[in-house]
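Scroll down for the structure; my scribbles are underneath it.
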Amino acid sequence: MTNYILRGGEIIDGTGRQRFRADVAIAGDRIAAIGSALKTCRRRLAHARSTSPAKIVAPGFIDVHTHDDRALFASPDMAAKASQGVTTVVTGNCGVSLAPSFETRRRRRRST
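Sequential numbering from 14 applies to the sequence shown in the working numbering.
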């Protein structure tokens, strides 16, 4: 079953080919259909829970220079990044890191 349909977005698929405009159906956490494949299955359109206009539809972005080490513990869903399309962050930049975590250190102290 299709959960969402993103309408009329510019698709940048990461393959290097030219961007193109199309609708995208999402079922669960997967892309179910794009463009003409979506149009041939009217059932997907009828059963979608939500339809939204889209501007750009692209695979996740990688943020290669972040200082999000602590943010991951404070907000595990990383909504601030996910809402921008960031799916991967590289942490430990500029010599900053929370590893090993404070909890790990606490456990080590208790065991000695």
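Note that CB positions come from ideal geometry on N, CA and C, so glycine has one too.
How far does the alpha helix (DSSP H) with residue i in it reach, from first residue to last?
i, result
"D82", "D82 to A87"
Locate the beta strand (DSSP E) running through residue i, then write down its first and last residues.
i, result
"A67", "Where A67 is concerned, there is no enclosing beta strand (DSSP E), given that its DSSP letter is neither H nor E."
"D76", "F74 to D76"
Alpha carbon to alpha carbon, what distance is there between residue j and residue i?
i, j, result
"C107", "A71", "29 Å"
"K68", "I24", "9 Å"
"K94", "D76", "9 Å"
"S63", "Q97", "20 Å"
"G29", "H78", "24 Å"
"F86", "L19", "31 Å"
"D90", "R83", "13 Å"
"A126", "N16", "No answer is possible for residue 126: it lies beyond the span of the chain, which begins at 14 and ends at 125."
"T104", "S88", "15 Å"
"R32", "S110", "38 Å"
"A38", "G27", "18 Å"
"R34", "H80", "35 Å"
"P66", "D36", "9 Å"
"R43", "L51", "14 Å"
"A61", "G48", "15 Å"
Residue i bridges to which residues according to DSSP?
i, result
"T101", "I75"
Does the beta carbon of residue i fall short of 7 Å from some heavy atom of the ligand MN?
i, result
"A67", "With respect to the ligand MN, the structure shown offers nothing to examine, as it has no ligands at all."
Please look up how many angstroms separate the CB atoms of residue i and residue j, rounded, as I've assumed it's under 8 Å.
i, j, result
"V133", "G73", "An answer regarding residue 133 cannot be provided, because it is not within the stretch 14 to 125 covered by the chain."
Flag residue i as yes if its beta-carbon sits less than 8 Å from any beta-carbon of chain C, otherwise no.
i, result
"I75", "The structure shown has no chain C; it contains just one protein chain."
Inset, instruction - Note down, one range per segment and in chain order, each alpha helix (DSSP H) of at least 4 residues found wholly within the region 19-49. - result: The qualifying runs do not exist here; there are none.
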